[in-house]
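All remarks here apply to the structure that follows.
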Amino acid sequence: MVRVGLLPFRLLALRHGADLVYTEEIIDKKLLNAKRVVNQKLGTIDFVNKNDNSIVLRIAEEEKEFIVCQIGSSNPATALKAAKIIENDVESIDVNMGCPEHFSVHAGMGSGLLKRPKTARSILEELTKNVSVPISCKVRLLPKLKDSLNFMKLMQSAGIHQIGVHSRTREEMSRGFAHWSTILEAKQDPELTIPVLASGDCFSVKDAFELRRYTQCDGILIARGACHNPYIFNDIKSKWDEVAREFNETQTVSELYDEHK
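All letters in the sequence shown, in the order written, are residues -23 to -1, 1 to 238 by mature numbering (1 follows the signal peptide of the UniProt record, and there is no 0).
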């Protein structure tokens, strides 16, 4: 999330239950114009703009194993150069194919890549073949279900390890209800075998459980819900642990009953 997925917010999310945290979308060319600096005072790795010394990306030591750097790119070669700069300091790299903002779409990045599937796949393939960390992408929906599924499967063919799906179209931005049914369709497509992470309208523990149950997704990406409540991750985990304990207790009772009946 632009202007949200910065270091303080990422650390807050990690310390309160998030399994992974994403940077804001960082344009590949910004990384190409950055130098890597070890900040001894803060204990961070800083990628600093060579011209004005502004911070392009700051990574804390405690998040290195949990941080996903999300890059915006419209060109395979440029994306690869940017990825090579950061690959040793992040857990994985995600290519943004969902940003609906004009600056991103106009430059052929973000959800603009939904209309350029060959380029999108080429970017991912260049990364999966030449970068040492896992590569993923986050997409939005196309107007037709068939086109959405075909796009996801084409991205899968580039060798990515998972795909995040914001279940709205570019035109919908964040308006209206997310189309969770499309994620269910993706999970039920036998040709789509990589993990699918669901995104859209997850604002509470109840939403998280319902999203997981309804879509059969492999994981959940929480954006606006975390902005409203950064502690949502702990809330979800606490409830999940409670359900798991209840299940285990029930299973144990059932096994004892079977043994002694």
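No residue lacks a Cβ here, since even glycine has one placed at the ideal position from N, Cα and C.
Around the beta carbon of residue 54, a 10 Å sphere encloses fewer than 16 other beta carbons of the protein chains shown; the residue is thus reported as exposed.
As the crow flies, the alpha-carbon of residue 160 is around 25 angstroms from that of residue 85.
Contact between the stretch 4 to 11 and the stretch 33 to 45 is present: three or more C-beta pairs spanning the two stretches fall below 8 angstroms. DSSP lists 47 and 113 as the beta-bridge partner residues of residue 71.
129 is the residue among 120, 129, 17 and 166 whose C-alpha sits nearest the C-alpha of residue 98. Looking only at 38, 66, -6 and 79, the smallest Cα-Cα distance to residue 49 is reached by 79.
Short of 8 angstroms from the beta carbon of residue 71, and not among the five residues preceding or following it, lie these beta carbons of its own chain, in chain order: -2, 45, 46, 47, 48, 112, 113, 114, 115 and 141. Spanning the alpha carbons of residue 193 and residue 57 requires a straight line of approximately 33 angstroms. For residue 58, the enclosing alpha helix (DSSP H) has its first and last residue at 53 to 63. Its chain contains 159 and 162 as the residues whose beta carbon lies nearer than 7 angstroms to that of residue 122, once the 5 sequence neighbours on both sides are disregarded; these appear in chain order. Under DSSP, residue 21 forms a beta bridge with 16 and 37. Less than 9 angstroms divides the Cβ of residue 68 from the Cβ of residue -4. Every beta strand (DSSP E) stretch that sits fully inside the stretch 99 to 173 and reaches 3 residues is listed by chain position as 112 to 118 and 139 to 146. At a Cβ-Cβ threshold of 9 angstroms, residue 205 and residue 180 count as neighbours. Between residue 169 and residue 139, the CB-CB gap reaches or exceeds 9 angstroms. Shown here for residue -17: same chain residues with a beta carbon closer than 7 angstroms to its own, the five before and five after excluded, namely 35 and 37 in chain order.
Under the three-state reduction of DSSP output, residue 97 falls in the helix class. Approximately 25 angstroms separates the beta-carbon atoms of residue 104 and residue 146; this is outside 8 angstroms, ruling out the contact. DSSP places residue 90 in the helix class (H, G or I) of the three-state scheme. Between residue 155 and residue 177, the gap from beta carbon to beta carbon is short of 9 angstroms. Around the beta carbon of residue 151, a 10 Å sphere encloses fewer than 16 other beta carbons of the protein chains shown; the residue is thus reported as exposed. Around the Cβ of residue 167, a 10 Å sphere holds fewer than 16 other Cβ atoms; the residue is exposed. Under the criterion of beta carbons closer than 8 angstroms, residue 197 and residue 175 qualify as touching, at roughly 5 angstroms.
Residue 176 is bridged by DSSP to 143 and 198. Within the same chain, and ignoring the five residues on either side of residue 182 in sequence, the residues whose Cβ sits closer than 6 angstroms to its Cβ are 212, 213 and 216.
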